[in-house]
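J.: Here it is: the structure, laid out below.
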Amino acid sequence: EPEVTQTPSHQVTQMGQEVILRCVPISNHLYFYWYRQILGQKVEFLVSFYNNEISEKSEIFDDQFSVERPDGSNFTLKIRSTKLEDSAMYFCASSPGTGTNNQPQHFGDGTRLSIL
Amino acid sequence: AQKVTQAQTEISVVEKEDVTLDCVYETRDTTYYLFWYKQPPSGELVFLIRRNSFDEQNEISGRYSWNFQKSTSSFNFTITASQVVDSAVYFCALTHRQGAQKLVFGQGTRLTINP
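So the protein lines, in turn, are chains A and B.
One point on numbering: in my numbering, the residue at position 102 of the first sequence is 102, and numbering is uninterrupted.
One point on numbering: in my numbering, the residue at position 19 of the second sequence is 135, and numbering is uninterrupted.
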C-alpha cells in the first residue's frame with residue numbers, strides 16, 4: 001500500500017539554525033499538510049497546500065515557516081530560525097482529491113525535531 | 117469554531133476487558149467528517165475510521181466498533197476483548213468542510229492494556 005514517507009526520522013539542530021523537513025506524499029494525492037505534536041500533547045494543524053499554494057494556515061505557521069513543493073514528488077517544511085519551542089514531532093500528510101473523496105489524510109511516520 | 121473533546125486522559129484495563137473511548141465534538145457545519153487515529157508507542161498516526169455527518173450507522177470492524185450519535189455530538193470508540201497490542205494513544209478528529217480540510221484533533225486518550 002502506498003505511504004507517505006518523511007525524512008529524516010530525527011533531526012537535531014542548534015537554536016537559530018534553519019531546518020528543512022522533507023516529505024514524499026502519496027503519488028496521486030493532491031492535498032498536502034503539515035502538523036506538529038509537542039511531546040505529550042495533541043496533534044496541531046500547521047498548513048495545507050493545494051495546487052502549488054497554501055490553502056490554509058494556522059496561527060502557529062508564522063513568518064518563520066514556509067512550505068514548498070520543489071518538484072513533482074517532494075513537499076518540504078522549512079523553519080527559518082529555529083526556537084526551543086519548535087521542538088516537536090512534525091507529521092506530513094496527504095489526501096487524494098476533492099469533495100467526499102478528499103479523505104482520509106494519510107500520515108507519514110513523522111520527523112522528531114529537537115532544538116538545542 | 118470546531119472543537120473535539122476527549123475527556124478521558126488515560127485509561128488502564130486488563131487484557132480481554134471491553135473499553136470505550138469517548139469523543140465529543142463541536143461544529144457549526146452541517147457537513148463534516150469524524151475520524152479516529154491510533155498512535156502506538158512508535159509514534160506514527162494510523163488511520164482507523166472515517167464517518168461523515170450524514171451517516172449515523174454504527175460500524176464494526178473486528179474487535180473495534182464506533183457509535184456515532186449526532187443528537188449528543190458524540191463519536192465513541194469501543195474495543196472489545198482488548199489486547200496488549202491495543203495499547204496506544206487514540207485521537208478523535210474532525211474536519212469541517214470539503215477541499216483542503218484541516219483536521220482538528222482532540223487531546224487524545226492514552227490506553228494501556230495490562231496483561
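C-beta atoms are modelled at their ideal positions from N, C-alpha and C, and glycine is treated no differently.
Would you decide whether residue 212 (chain B) is buried or exposed? Buried here means 16 or more other CB atoms lie within 10 Å of its CB.
T.: Here residue 212 (chain B) refers to the residue found at position 96 of the second sequence. Buried, since its Cβ has 16 or more Cβ neighbours within 10 Å.
J.: DSSP three-state call for residue 210 (chain B): helix, strand or coil?
T.: As a first step, residue 210 (chain B) must be located in the second sequence, where it is residue number 94. Strand, per DSSP.
J.: Buried or exposed: residue 105 (chain A), going by 16 or more other Cβ atoms within 10 Å of its Cβ?
T.: Stepping through the first sequence from its first residue, residue 105 (chain A) is reached at position 105. Label assigned to residue 105 (chain A): buried.
J.: Please report how far the alpha carbon of residue 6 (chain A) lies from the alpha carbon of residue 210 (chain B), in whole angstroms.
T.: As a working note, residue 6 (chain A) is residue 6 in the first sequence. As a working note, residue 210 (chain B) is residue 94 in the second sequence. Rounded to the nearest angstrom, the two C-alpha atoms are 24 Å apart.
J.: List, in order along the chain, the chain B residues whose C-beta lies closer than 9 Å to that of residue 15 (chain A)?
T.: Here residue 15 (chain A) is taken as the residue at index 15 of the first sequence, counted from 1. Residues of chain B passing the Cβ test: none, with the nearest at roughly 23 Å.
J.: Just list the residues that DSSP pairs residue 106 (chain A) with in beta bridges.
T.: One-based indexing of the first sequence puts residue 106 (chain A) at position 106. For residue 106 (chain A), which the question treats as bridged, DSSP gives the partners A:94.
J.: Determine the contact status of residue 89 (chain A) and residue 36 (chain A), defining contact as a CB-CB distance below 9 Å.
T.: Looking up residue 89 (chain A) in the first sequence gives position 89. Looking up residue 36 (chain A) in the first sequence gives position 36. Yes, the pair counts as a contact, with Cβ atoms nearer than the cut-off.
J.: If you measure between the beta carbons of residue 139 (chain B) and residue 174 (chain B), is that distance less than 9 Å?
T.: Translated into the one-based positions of the second sequence, residue 139 (chain B) becomes position 23. Translated into the one-based positions of the second sequence, residue 174 (chain B) becomes position 58. Residue 139 (chain B) places its beta carbon 9 Å or farther from that of residue 174 (chain B).
J.: Report the option in B:169, B:171, B:134 and B:128 whose CA atom is closest to the CA atom of residue 194 (chain B).
T.: The residue given as residue 194 (chain B) occupies position 78 in the second sequence. Of the candidates B:169, B:171, B:134 and B:128, the one whose C-alpha sits nearest the C-alpha of residue 194 (chain B) is B:134.
J.: For chain B, check one thing: does any of its Cβ atoms lie closer than 9 Å to the Cβ of residue 56 (chain A)?
T.: Residue 56 (chain A) sits at position 56 when you count from the first residue of the first sequence. At least one chain B Cβ lies under 9 Å of residue 56 (chain A).
J.: To the nearest whole angstrom, what separates the beta carbons of residue 118 (chain B) and residue 143 (chain B), a pair I think is in contact under 8 Å?
T.: The residue labelled residue 118 (chain B) in the question sits at position 2 within the second sequence. The residue labelled residue 143 (chain B) in the question sits at position 27 within the second sequence. Yes, they are in contact, since the Cβ atoms of residue 118 (chain B) and residue 143 (chain B) sit about 5 Å apart, within 8 Å.
J.: Compute the Euclidean distance between the alpha carbons of residue 179 (chain B) and residue 13 (chain A), then round it to the nearest angstrom.
T.: Sequence index remark: in the second sequence, residue 179 (chain B) carries index 63 (1-based). Sequence index remark: in the first sequence, residue 13 (chain A) carries index 13 (1-based). For residue 179 (chain B) and residue 13 (chain A), the distance between alpha carbons rounds to 43 Å.
J.: Can you find a CB in chain D that lies within less than 9 Å of the CB of residue 90 (chain A)?
T.: The structure shown contains no chain D; the protein chains it does contain are A and B.
J.: Of the choices B:165, B:176 and B:155, whose alpha-carbon is the least far from that of residue 201 (chain B)?
T.: As a working note, residue 201 (chain B) is residue 85 in the second sequence. Residue 201 (chain B) has its Cα closest to that of B:155, out of B:165, B:176 and B:155.
J.: Quick one: list the residues of chain A neighbouring residue 118 (chain B), beta-carbon separation under 7 Å, in chain order.
T.: Taking the second sequence and counting its residues from 1, one reaches residue 118 (chain B) at position 2. Simply none; closest approach about 11 Å.
J.: How many Å lie between residue 33 (chain A) and residue 47 (chain A) at the Cα?
T.: One-based indexing of the first sequence puts residue 33 (chain A) at position 33. One-based indexing of the first sequence puts residue 47 (chain A) at position 47. Rounded to whole angstroms, residue 33 (chain A) to residue 47 (chain A) spans 6 Å at the Cα level.
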